[in-house]
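Protein chains in written order, with the UniProt record's numbering: chain D, 1 to 319; chain Z, 1 to 256.
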């Protein structure tokens, strides 16, 4: 990026020294003009470099890293109340099937009643969608009433929504469910090697530094523990992809406008989906953080609109 | 006719076949699968070291717990991992079954070796290899019907059939068959059929040393041999009559 800019700046300089642009001001000799331009451009470059070194994506915009957290917070604060309605409308209710499939694939909970259950950390799980499903699975399928879930979210409004909803489930107010307001890139209140299963569903896309969050997941997981991620991904079929893109870019912001009275947040949503790495790229990021991935590293849902990624923390860190 | 192009075609065909190894079922496999048989360099295991550790210790629990998640979890625990670690196997118990199938198939070449001085025919070698492979199911035979039921689940059928075709291919290769004509296909198809029916028979065989399965296998192989002879005779008859028919037409002035 900076190299390209610099190259362009250099070519522009050469071009401009040969063409006296302002003939009305004869006192500006070409050499003086060159010096001035050089200084200006250096200043510009300096400015751009400052921004570039710590910049990140916010949808299609490029913003400073320090800004992203706040802006994502605003998006989710504004959508928290209408979160489910909008999800149902945007995905025709399929997001529920994805979440069910995600939990079924992970099979949370101990098989034997003598065991002490799993310690699950659900990151960016504010509204509790995944947490309640996992507790249901553990209780009803595995007959395990000891598995615990900690719902962590950076956004207090989403957590408040989750707290409210938990009162409608058998787990609200019990020790099996707890809430934590924390940044996934820095989970200092979670002890190292204390978690059996780390889940993040439709959340990691919004993180400022995804790799750092993956490394933090690696730290808090026990050896043998599982990192699992459900996230929008790349559609594999090009025809289906064209239809899907048309739907998401034209309809979703309009629906956001009509239902949630917030077009920008939903514009951000579709842009952030587009910006998220492909299945293979994300798999490489998981491996880079130190995890070993299954031989089938990811599982596509609905043709790749969403994908389930898994990583296992090895007993011994790879050499 | 020069056999080289034929061989090239067959190699390409077998390459296609081997492209359908378990490797393809698992798109993210980093270990490279060979697309041909090599007698000098062994096939790399289709399973990573951690997978091998967990699955091989899970297999020791199969005689007691069957092909179940309980065995898988017990295997993970034995290897020092957590219950949650079985997430390394997205297909769950089917991964345990395919580990059993793949390792038994790959160990055939080490366990059955024909000395050059024993002048066995290819048929006898195929019989010995198939029988050895069947006997390798012995320790888990009580749970084999359960395994077959899992393999027959619609989403696992393609992978199971692939594994069966790989086994048939392996047996013919180890028996020293070098045919590159269309019998390449018929040989593998019939052996796959014979082997799978014998496996099914063995699941309910309680005779000592699986003697009845051995007899069953011999009867099926004998049928194939006689059927193969009949088919060969029919083919020869068809070729001769076809030629005759063409000659009759030519004698009538048809420009063929």
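Built from N, CA and C at the ideal position, the CB exists for glycine as well. It should be emphasised that the depicted structure is a prediction, and the values quoted were computed from it without experimental measurement.
Exposure of residue 143 of chain D is indicated by the presence of fewer than 16 other C-beta atoms within 10 angstroms of its C-beta.
Between residue 109 of chain D and residue 118 of chain D, the C-beta spacing is below 8 angstroms. Judged by their CB atoms, residue 140 of chain Z and residue 128 of chain Z are not nearer to each other than the 8 angstroms cut-off.
For the segment 62–83 of chain Z, the set of positions with a beta-carbon nearer than 7 angstroms to some beta-carbon of chain D reads 69, 70, 73, 80, 81, 82 and 83 in chain order. Taking the C-beta atoms as reference points, residue 227 of chain D is found no nearer than 8 angstroms to residue 213 of chain D. In the DSSP assignment, residue 178 of chain D falls within the unbroken beta strand (DSSP E) covering 177–181.
For residue 188 of chain D, no beta strand (DSSP E) encloses it, and the DSSP letter there is neither H nor E. The residue from Z:214, Z:51, Z:120 and Z:78 with its alpha-carbon nearest to that of residue 97 of chain Z is Z:51. The alpha carbon of residue 137 of chain Z has as its nearest neighbour, out of Z:83, Z:213, Z:125 and Z:124, the alpha carbon of Z:213.
Using a 10 angstroms sphere on the CB of residue 113 of chain D, the tally of other CB atoms stays under 16, which defines it as exposed. Per DSSP, residue 112 of chain D lies in no alpha helix (DSSP H) and is assigned neither H nor E. Within the segment 94–110 of chain D, contact with chain Z at the beta-carbon level (separation under 9 angstroms) is assigned to 105, 106, 107, 108, 109 and 110. Listed along chain D are 105, 294, 296, 299 and 310, each with a C-beta nearer than 8 angstroms to that of residue 90 of chain Z. Excluding five sequence positions before and after residue 279 of chain D, the CB atoms of its chain that fall closer than 6 angstroms to its own CB belong to 233, 298 and 307, given in chain order. By the beta-carbon neighbour count (other beta carbons within 10 angstroms, threshold 16), residue 117 of chain Z is exposed. Our two residues, residue 184 of chain Z and residue 89 of chain Z, have alpha carbons roughly 34 angstroms apart in a direct line. Distance from the CA of residue 245 of chain D to the CA of residue 223 of chain Z, rounded to the nearest whole angstrom, comes to 58 angstroms.
DSSP places residue 223 of chain D within a strand segment (E or B) once states are collapsed to three. Taking a cut-off of 8 angstroms for Cβ pairs, the segment 94–111 of chain D and the segment 140–156 of chain D touch, as three or more such pairs fall below it. One finds 292 and 295 in chain D with Cβ atoms closer than 8 angstroms to the Cβ of residue 48 of chain Z, taken in chain order.
Not flagged as an interface residue toward chain Z: residue 167 of chain D, since no C-beta distance is shorter than 8 angstroms. Ranked by Cα distance from residue 166 of chain Z, the options Z:150, Z:188 and Z:152 are led by Z:188. Against residue 52 of chain Z, chain D offers no close residue; the least beta-carbon distance is about 11 angstroms (beta-carbon pairs closer than 8 angstroms).
Among the bridge pairs identified by DSSP, residue 199 of chain D is matched with D:122 and D:228.
The criterion of a C-beta distance shorter than 8 angstroms is satisfied by residue 225 of chain D and residue 313 of chain D. For residue 85 of chain Z, the residues of chain D that pass the 8 angstroms Cβ criterion are 224, 225, 226 and 312, in the order they occur in the chain.
For the pair residue 198 of chain Z and residue 173 of chain Z, the CB atoms are not nearer than the 8 angstroms cut-off.
Using a Cβ distance threshold of 8 angstroms, residue 132 of chain D and residue 169 of chain D count as a contacting pair.
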